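Colleague:
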Amino acid sequence: MLSNTAVPKYYGAFRDAVLRGLIPINHEVSLQMKRIDQRIQNPEYYYDPRPIEAWIKFCEREMTLTDGSPVTVTDCFKLWAEQLLCWFYYDDVKSYVPPPNGSRVGGHYVYKKILRRLIKKQYLIVARSNAKTEYESWLQAYGLIVDGHTTHQITCAPTVKQSDEVLGPIRTAIQRAPGPLLKFLTEGSLQNTTGNAALRKKLASTKKGIEMFMTNSLLESLPMSIEKLQGYRSKYNSMDEWLSCPIRDNPMDALAQGAAKNDDWWILAVSSEGTVRNGIGDSIKIELSQILRGEYKADDVDIWWYKLDSIDEVGKPEMWIKANPNLGITVSYDTLQKDVERAENVPSAKNDILAKRFGIPTEGYTYFFTYAEIQRHRPRDFWNMPCALGADLSQGDDFCAFTCVFPLGNGSFGVKSRNYVTELSYRKLHEALRLKYDQFIDEGSLRVMDGAVLDTMAVYDDLDEWLIQNEYDVRAFGFDPYNSKEFVERWATENGPFGVTKVIQGAKTESVPLGELKKLASERMLIFDQRIMEFTMGNCIAIEDTNGNRKLYKKRREEKIDCVAAMMDGYIAYKINVEAFE
11 MLSNTAVPKY
21 YGAFRDAVLR
31 GLIPINHEVS
41 LQMKRIDQRI
51 QNPEYYYDPR
61 PIEAWIKFCE
71 REMTLTDGSP
81 VTVTDCFKLW
91 AEQLLCWFYY
101 DDVKSYVPPP
111 NGSRVGGHYV
121 YKKILRRLIK
131 KQYLIVARSN
141 AKTEYESWLQ
151 AYGLIVDGHT
161 THQITCAPTV
171 KQSDEVLGPI
181 RTAIQRAPGP
191 LLKFLTEGSL
201 QNTTGNAALR
211 KKLASTKKGI
221 EMFMTNSLLE
231 SLPMSIEKLQ
241 GYRSKYNSMD
251 EWLSCPIRDN
261 PMDALAQGAA
271 KNDDWWILAV
281 SSEGTVRNGI
291 GDSIKIELSQ
301 ILRGEYKADD
311 VDIWWYKLDS
321 IDEVGKPEMW
331 IKANPNLGIT
341 VSYDTLQKDV
351 ERAENVPSAK
361 NDILAKRFGI
371 PTEGYTYFFT
381 YAEIQRHRPR
391 DFWNMPCALG
401 ADLSQGDDFC
411 AFTCVFPLGN
421 GSFGVKSRNY
431 VTELSYRKLH
441 EALRLKYDQF
451 IDEGSLRVMD
461 GAVLDTMAVY
471 DDLDEWLIQN
481 EYDVRAFGFD
491 PYNSKEFVER
501 WATENGPFGV
511 TKVIQGAKTE
521 SVPLGELKKL
531 ASERMLIFDQ
541 RIMEFTMGNC
551 IAIEDTNGNR
561 KLYKKRREEK
571 IDCVAAMMDG
581 YIAYKINVEA
591 FE
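The numbering of the sequence shown is my numbering, which starts it at 11 and goes up by one.
#1: Hey, could you find the ends of the alpha helix (DSSP H) His37 is sitting in?
#2: Is it true that the segment 68-86 meets the segment 109-119, where meeting means three or more beta-carbon pairs spaced less than 8 Å apart?
#3: With 16 other CB atoms within 10 Å as the buried threshold, where does Tyr306 fall?
#4: Lys295 to Val17, Cα distance in whole Å?
#5: Using only the alpha-carbon positions, how far apart do Ile46 and Ile184 sit?
#6: Would you call the segment 57-65 and the segment 244-257 touching, i.e. three or more CB-CB distances under 8 Å?
#7: Using DSSP with H/G/I as helix, E/B as strand and the rest coil, what is Ile551?
#8: Counting C-beta neighbours from all protein chains within 10 Å, is the total for Thr165 16 or more, i.e. buried, or is it exposed?
#9: Mind checking Ala462: buried by the 16 CB within 10 Å criterion, or exposed?
#10: Take Arg567 and list the residues in its own chain whose beta-carbon comes closer than 6 Å to its own, dropping the five residues that flank it on each side.
#11: Near Pro109, which residues of its chain fall below 7 Å by C-beta distance, leaving aside the five closest residues on each side in sequence?
#12: How would you call Asn140, buried or exposed, if buried means at least 16 neighbouring beta carbons within 10 angstroms?
#13: Taking its Cβ as the centre, do 16 or more other Cβ atoms sit within 10 Å of Glu453, making it buried, or is it exposed?
#14: With distances taken from CA atoms, which of Met11, Leu473 and Gln132 is nearest Ile301?
#15: Closer than 7 Å by C-beta to Asp460: which residues in its own chain qualify, once you throw out the five before and the five after it? Chain order, please.
#16: May I have the straight-line CA-CA distance separating Pro80 from Met543, to the nearest angstrom?
#17: Which value, in whole angstroms, describes the spacing of the CA atoms of Tyr430 and Lys130?
#18: Quick check on this structure: which residue in Ile236, Val280 and Phe98 has the alpha carbon closest to the alpha carbon of Ser147?
#19: Considering only C-alpha positions, which residue in the set Met11, Thr169, Ile180 and Ala167 is nearest to Gly153?
#20: Is the separation between the beta-carbon of Val367 and that of Asp344 shorter than 7 Å?
#21: What's the C-alpha gap between Leu75 and Arg186?
#22: Which full runs of the beta strand (DSSP E) of 3+ residues lie inside the segment 259-302, going along the chain?
#23: Ends of the beta strand (DSSP E) at Gly424?
#24: Leaving out the 5 sequence neighbours to the left and right, which residues in its chain are closer than 8 Å to Arg611 when beta-carbon positions are compared?
#25: Based on Cα-Cα distance, which residue from Tyr492, Glu499, Val484 and His440 lies nearest to Met467?
#26: Can at least three beta-carbon pairs, one atom from the segment 475-487 and one from the segment 380-399, be found at a separation below 8 Å?
#27: Are the CB atoms of Leu177 and Ser231 within a distance shorter than 7 Å?
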């Protein structure tokens, strides 16, 4: 059945539909199709149709949906599973042949050709409600029940409760036993521990997870934590919602290290697009983009990345299938239409809907400022104009922020920011965030200072030079008192104490100016043209108590250079010293 020239059955049907214009696809899926076409033409890779047909029969006969309904495997599931299960290659293995008759002399090495599965990692980035969890469950169940070897399997997600969702359809199938295989495996009782082994259950859901007692195999759920995932020897693994949580390390690496101890292992990484930007998820996506573009070869990685090509396509229902391959089957047009209408009328929900429903990545956390409010304006320089300077040195050991607020006379305010980070902190950034920082460095809004700890006086000298170079007329200075004593004392000595304003952090001080800044941003009256302001406003989170009082959420994260806090300090200093600007 092996062939190094055959076109895969379900991929061939999908490709024909795309070429006839029946199924619109995005740029990333077209690149993946190009990779598969190259795989078909490569004589080193062989296609075997038997595994996919066996998997489809297993799912439709033995498995159920989470609610117990019968299974019908969708076309896109067949497409994905075919690529994961049906590609093989021959590996030359050097093995030792011992001498005959137990002699110690005469042994030799021979080379053998071993058939191995090609795909080790499959990435699926697809919108919510496309039954991603069901796909994970059926593949994990297939590996647990059909594989005759003793295997350990792991499914992980940001929380154990979330990863346990993958086990839900399997538990339902065990309880209902719709097919002959599961009827046989679930006959008997778990309490029969001393009697006839044939009268014991062979497959059951236990405290450990799902156990297959005939092969002593286990499928368990774990949290997406490097500490929890390292050191296992798991053969089949799935990773859910890895783009939707602010994880610091790559869980794929931890799973792959343990899985590589087995033959024919695989890892299935499934997620919808998230609103957590510039984290490890974006670093993984950079790598996937390089693979799709052919910048480096990774034939053992399969990538299905569904999304709209542009935000303009949100208003075109005929294009929604680009991000929702199961549209009309597991998710309806009506559901997406309601979300589109909600995004238009509820700005706070827009970013989540764009990411989760249409695969369009949005910039950072936007719980306070919406996507439209953080878009940059055309370039402005504000040369020789009066301003209020805000300083946030509360994290001055490795970075600090300064923002100038320029009253423009028509009720709007210009904004310019200058920020500092240590060389050590910059070197420790992962790839996606370092690329973002490089943009800030290029535009001049970020300076990397030598050493592991910021020298406050060196920062002062550089800031003073920047203010003089741009001829900004600083008439008020607002500062967060934490960790700012030396800087403020020198400022007062060289520039005088007039206009120097202490801004104590907390809801009592921050609530009103935050509300005013929000109104200014919504009316596009905060005039900024720097990428770093767009980035930090997108990462701005405000905590609101039961009385409606708000304060900035000062979560310590290396990616948060807090220009917004400095802008708020400068705005408060302006409001207190408004007569200096008349």
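Note that the Cβ used here is the ideal one computed from N, Cα and C, for glycine as well. Note that the coordinates shown come from a computational prediction; the quantities given were computed from them, not determined experimentally.
Modeller: Reading off the structure:
#1: His37 to Gln51
#2: no
#3: exposed
#4: Straight across, the Cα-Cα distance linking Lys295 with Val17 is about 28 Å.
#5: Rounded to the nearest angstrom, the two C-alpha atoms are 36 Å apart.
#6: No, the segment 57-65 does not touch the segment 244-257.
#7: Three-state DSSP puts Ile551 in coil, outside helix and strand.
#8: buried
#9: exposed
#10: Caution applies to Arg567, whose pLDDT of 48 falls short of 50 and renders its modelled position unreliable; the model cannot decide the point.
#11: Taking Pro109 as the centre and dropping the five residues before and after it, the same chain places the C-beta of Val115, Gly116 and Gly117 closer than 7 Å to its C-beta, in chain order.
#12: Buried is the call here.
#13: exposed
#14: Gln132
#15: Glu433
#16: 52 Å
#17: 42 Å
#18: Val280
#19: Residue Ile180 is the option with its Cα nearest to Gly153.
#20: Looking at the sequence shown, residue 367 is not Val but Arg. Not closer than 7 Å, so no.
#21: 11 Å
#22: Segments of the beta strand (DSSP E) lying fully in the segment 259-302: 276-281.
#23: Phe423 to Thr432
#24: The requested residue 611 does not occur in the structure, where the chain is confined to residues 11 to 592.
#25: Glu499
#26: Counting Cβ pairs under 8 Å, three or more are found: they touch.
#27: yes
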